[in-house]
Amino acid sequence: MFSIKSILSENINLNQIENLISPQTAIFLFSSDNDLHQLLAASILQKQQFILIGNKQYYDMKVFMNYDINKIISLGIDELSDILMEYGRQFQQLIILINLNVLDICYSPTSQNKTAGGLSTKELFYILSRLQIIKNQKIIYVYNYDLKKDQQEITAKLLERFSILN
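The sequence shown runs contiguously to residue 152 in our numbering.
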């Protein structure tokens, strides 16, 4: 079973995500925000099914795999992609939650988080292209953008690239 489904939403819909999760589901959260706390409060996450990627703050959580920006820089994108692929192979389904604030502000100007630093679109799509190699079902959920503020259509073009992944 190999398929990719992209869901684009301005805000995260926890009910929609909760309906997609099964015991054979892994969740990769690309975010630099406090989405983690939202997901924990909604009891969506289980420790063994979850990886936090790209956060700009260091979370000292021993219960989750956590790859903040500093760790990504020291490992390199290739090594991170290998780790994610190795982990993702164990599951039948992969839910990839992408908060656009994980990107540097120049790549996603409509994100609510205005801090500098983060992944580039090239790095993010490289990781996603590596994850496409895994033969399981993937759901990519992209959120945290406001197209009304997208005067130069940078975010619109980025979202178009996500929809092409199908």
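Cβ coordinates follow ideal geometry from the N, Cα and C atoms, glycine included.
Since we're looking at a predicted model, the values are computed, not measured.
| Item | Value |
| --- | --- |
| Using the Cα positions of Leu145 and Gln10, report the straight-line distance between them to the nearest angstrom. | 28 Å |
| If you run the structure through DSSP and keep just helix, strand and coil, what is Asn87? | helix |
| Put Ile39 into one of helix, strand or coil per three-state DSSP. | strand |
| Indicate whether Ile84 and Leu6 have their beta-carbon atoms separated by less than 8 Å. | no |
| What are the start and end residues of the beta strand (DSSP E) that includes Gln123? | Gln123 to Tyr129 |
| Going by DSSP in three states, Thr107 sits in which element: helix, strand or coil? | helix |
| Cα separation between Lys108 and Asn1? | 30 Å |
| Can you give me the C-alpha to C-alpha distance between Ser(-5) and Ser60, rounded to a whole angstrom? | 32 Å |
| When the Cα atoms are used, what is the spatial distance from Phe14 to Val128? | 12 Å |
| For Ala142, list the residues DSSP reports as bridge partners. | According to DSSP, Ala142 bridges with nothing at all. |
| I'd like the span of the beta strand (DSSP E) that includes Leu15, first residue to last. | Thr11 to Phe16 |
| In the DSSP output, which residue or residues are listed as bridge partners for Tyr53? | Ile39 |
| Along the chain, where does the alpha helix (DSSP H) containing Glu4 start, and where does it finish? | Leu0 to Leu6 |
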